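Undergrad: Those sequence lines, one after another, are chains A and B.
Residue numbers for the first sequence follow numbering that gives the first Met the number 0, so the first one is 0 and each next one is one higher.
Residue numbers for the second sequence follow numbering that gives the first Met the number 0, so the first one is 0 and each next one is one higher.
To start, I am sharing the structure in question, which I have written as C-alpha cells.
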Amino acid sequence: MRLAILDSGHSFGTKVLFALIRTALRQPVLDVIKLVKYRADFYGDPMGQVTQEAMRGSSAWSIGDRELMAAFVAKTNQCEFCTKAHTAVAQSAYGDGKSVSALLSDLDTGAIEEPLRATLLMLGKLTREHTVNADDMRAVFAAGASRQQIEDALAVCFSFNVIGRLADTFGFSVPGPEAFEAGAKYLLARGYR
Amino acid sequence: MSDIRQAREALTSRILEGDGKASPSERRAAFNNNGLAGAPGALGDKIAKHAYRVTDQDITAARTSGLSEDQVFEIVVCAAIGQASRQYVTALAALDAAAAAGKE
C-alpha cells in the first residue's frame with residue numbers, strides 16, 4: 000500500500016486481530032480490512048454502516064444482485080481489486096446457476112432479468128460519466144424496476160464508487176483467488192460491519 | 000427497503016466536521032474537489048475523475064508538499080466520498096424528476 004500507516008500503523012489490539020485472521024484463514028489480511036481498521040472512527044466504522052445497509056439491508060434485490068452491481072461498478076471504474084472481490088461474492092451468493100464473469104463481460108446478452116439489466120446499465124453510465132438524467136431513469140422504470148429498487152441500487156453504487164477509488168488510490172495489492180474466496184465467505188456470513 | 004441516507008449523512012458529517020489531522024477546510028475542499036491547491040489538489044481531482052490512474056508519484060508529491068500520511072489518508076477519503084456523493088445526489092434528482100413526470 001502507498002501509505003505505510005495503512006500497512007503497519009494499527010493499534011496493538013488490531014495487529015493481534017490480524018495475526019488471528021492470518022492463522023485462521025491461512026491467507027494474508029486483505030488490504031481493504033487494513034483500511035477499514037485504520038483509525039476506524041474516521042472512515043471504517045461510519046462507512047461500514049452505509050455499506051452494510053446498502054448490501055445487506057432489506058431490499059427487493061437479492062444479495063447476489065447487489066454484489067453483482069458492486070462488481071459491475073468496480074469494473075466500470077477499472078478497479079481490479081474490487082471487481083475480483085465482488086465477482087467472487089456474487090458468484091458465491093448466486094451459486095452455480097449463472098456465471099458472474101460472463102455477465103460482467105456481456106451484459107447485453109447475458110441471462111438476467113430486464114429490471115436488473117437496465118439498472119446495471121444506468122449505474123454504469125452514472126459511474127462512467129458521473130451523471131444521469133430523467134430519461135435514463137425512465138428507461139429503468141420501463142424495464143420494470145420500482146422506484147425503491149432504483150434507490151437501493153444507487154446506494155450500492157455510492158458505496159462502491161467510494162471503495163473503488165480508495166482501493167486504487169491507496170494501491171491495494173491484488174491477491175490470488177483463494178484470498179478472495181475466503182473474503183467472499185466472510186462477507187456472506189458476517190456482512191460489512 | 001434499504002435506506003442509506005441517515006448513515007451517509009453521519010459519514011459525511013464525521014469526515015468533514017469531526018476531529019482530524021487535516022484542517023476542516025482542507026477536508027471540505029477535497030470533498031468538493033474545489034479549492035485544494037498544488038499536488039494535493041491534483042491528487043483529489045484524479046481520485047474524483049479516474050482513480051485507477053493514481054500513481055506512487057501522486058502520493059509522494061502530496062507528501063512532499065507538506066502533508067503527513069494521516070493528512071493524505073483523510074484527504075483521499077474525503078475526495079472519494081465527495082465524488083460518490085455528487086453522483087448519488089445527481090441520480091436521486093434524476094429519479095425524482097422521472098417519477099414526478101410519470102405522475103403527470
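For every residue, glycine included, the Cβ atom is placed at its ideal position computed from N, Cα and C.
It should be emphasised that the depicted structure is a prediction, and the values quoted were computed from it without experimental measurement.
Mapping the DSSP letters down to three states, classify Y37/A as helix, strand or coil.
TA: Reading the first sequence from its first residue, position 38 is the one you call residue 37/A. Coil.
Undergrad: Taking only runs that begin and end inside the stretch 36-93 of chain B, name each unbroken alpha helix (DSSP H) of 4 or more residues, in chain order.
TA: Secondary structure remark: continuous alpha helix (DSSP H) runs of at least 4 residues inside the stretch 36-93 of chain B, in chain order: 37-49 and 55-63.
Undergrad: Less than 8 Å between the beta carbons of Y87/B and L103/A, yes or no?
TA: Looking up residue 87/B in the second sequence gives position 88. Looking up residue 103/A in the first sequence gives position 104. Not a contact, by the Cβ cut-off of 8 Å.
Undergrad: Figure out for me which residue from G143/A, K33/A and L29/A has the closest Cα to the Cα of E177/A.
TA: The residue given as residue 177/A occupies position 178 in the first sequence. The residue with the shortest Cα to Cα distance from E177/A is L29/A.
Undergrad: If I follow the unbroken alpha helix (DSSP H) through L2/A, where does it start and stop?
TA: Here residue 2/A refers to the residue found at position 3 when the first sequence is read from its first residue. Per DSSP, L2/A belongs to no alpha helix (DSSP H) and is neither H nor E.
Undergrad: Return the residues of the stretch 24-50 of chain B that lie within a Cβ-Cβ distance of less than 9 Å from chain A, sorted by chain order.
TA: L42, K45, I46, A47, K48, H49 and A50
Undergrad: Please list, in chain order, all residues of the same chain as D64/A whose beta carbon is under 7 Å from its beta carbon, the five residues on each side excluded.
TA: Stepping through the first sequence from its first residue, residue 64/A is reached at position 65. Here the set comprises L115.
Undergrad: Using a Cβ-Cβ distance under 8 Å, would T13/A count as near chain B?
TA: Start at 1 with the first residue of the first sequence, and residue 13/A comes out as number 14. Taking Cβ atoms only, chain B never reaches closer than 8 Å to T13/A, which makes this a no.
Undergrad: Quick one: using the 10 Å Cβ neighbour count with 16 as the cut-off for buried, is P23/B buried or exposed?
TA: Here residue 23/B is taken as the residue at index 24 of the second sequence, counted from 1. That one is exposed.
Undergrad: Within the chosen definition, does the stretch 168-183 of chain A reach the stretch 85-103 of chain A through at least 3 CB pairs nearer than 8 Å?
TA: Contact holds: three or more Cβ-Cβ distances are below 8 Å.
Undergrad: Run down chain A in chain order and give the residues with a C-beta less than 9 Å from the C-beta of Q56/B.
TA: Stepping through the second sequence from its first residue, residue 56/B is reached at position 57. What Q56/B touches in chain A: nothing, since even the nearest Cβ is about 10 Å away.
Undergrad: Within a Cβ cutoff of 7 Å, which residues of the same chain sit near S98/A, ignoring the five residues on either side of it in sequence?
TA: Here residue 98/A is taken as the residue at index 99 of the first sequence, counted from 1. A distance below 7 Å between beta-carbons, with the five flanking residues on each side excluded, links S98/A to no residue of its chain.
Undergrad: Report yes or no: do three or more beta-carbon pairs, one from the stretch 64-74 of chain A and one from the stretch 158-167 of chain A, lie closer than 8 Å?
TA: yes
Undergrad: Quick one: give me the first and last residue of the alpha helix (DSSP H) that H9/A is part of.
TA: On the first sequence, position 10 is the one that residue 9/A refers to. First-last for H9/A: undefined, no H or E at that position.
Undergrad: Which residues in chain A have a C-beta closer than 7 Å to the C-beta of T63/B? List them in chain order.
TA: One-based indexing of the second sequence puts residue 63/B at position 64. Within chain A, no residue comes near T63/B; the closest Cβ sits about 13 Å away, beyond 7 Å.
Undergrad: Got a sec? Which residues, its chain only, sit under 8 Å from L66/B by beta carbon, not counting five neighbours each side?
TA: As a working mapping, residue 66/B is identified with position 67 in the second sequence. Excluding positions up to five away in sequence, the list reads A21, P39 and I74.
Undergrad: Quick one: measure Cβ to Cβ for M46/A and V155/A, integer angstroms, because I've assumed they're closer than 8 Å.
TA: In the first sequence, residue 46/A corresponds to position 47, counting from 1. In the first sequence, residue 155/A corresponds to position 156, counting from 1. Contact flag wrong, Cβ pair sits at about 14 Å.
Undergrad: Any idea if R192/A is buried or exposed, counting beta-carbon neighbours within 10 angstroms, 16 or more meaning buried?
TA: By 1-based counting over the first sequence, the position of residue 192/A is 193. So R192/A counts as exposed.
Undergrad: Beta-carbon separation of F169/A and L34/A under 8 Å?
TA: The sequence position of residue 169/A within the first sequence is 170, counting from 1. The sequence position of residue 34/A within the first sequence is 35, counting from 1. Going by C-beta atoms, F169/A is nearer than 8 Å to L34/A.
Undergrad: State buried or exposed for F11/A, treating a residue as buried only when at least 16 other CB atoms are found within 10 Å of its CB.
TA: Counting from one through the first sequence, the residue named residue 11/A turns up at place 12. Under this definition F11/A is an exposed residue.
Undergrad: For V76/B, which residues from the same chain have a beta carbon less than 8 Å from its beta carbon, with the 5 sequence-adjacent residues on both sides left out?
TA: For the purposes of this step, residue 76/B is taken as the residue at position 77 of the second sequence. When the five nearest sequence neighbours on each side are left out, the beta carbons in the same chain lying within less than 8 Å of the beta carbon of V76/B are those of I14, in order along the chain.
Undergrad: Answer yes or no: do A83/B and I46/B have a C-beta to C-beta separation smaller than 8 Å?
TA: Here residue 83/B is taken as the residue at index 84 of the second sequence, counted from 1. Here residue 46/B is taken as the residue at index 47 of the second sequence, counted from 1. In this structure, I46/B does not lie closer than 8 Å to A83/B by Cβ.
Undergrad: In angstroms, rounded to a whole number, what distance separates the CA positions of Q51/A and G101/B?
TA: Numbered from its first residue, the first sequence carries residue 51/A at position 52. Numbered from its first residue, the second sequence carries residue 101/B at position 102. So the two alpha carbons sit approximately 31 Å from each other.
Undergrad: Within 8 Å (strictly less), CB to CB, does D64/A reach chain B?
TA: Position 65 of the first sequence, counted from the start, is the residue given in the question as residue 64/A. Not one chain B Cβ lies under 8 Å of D64/A.
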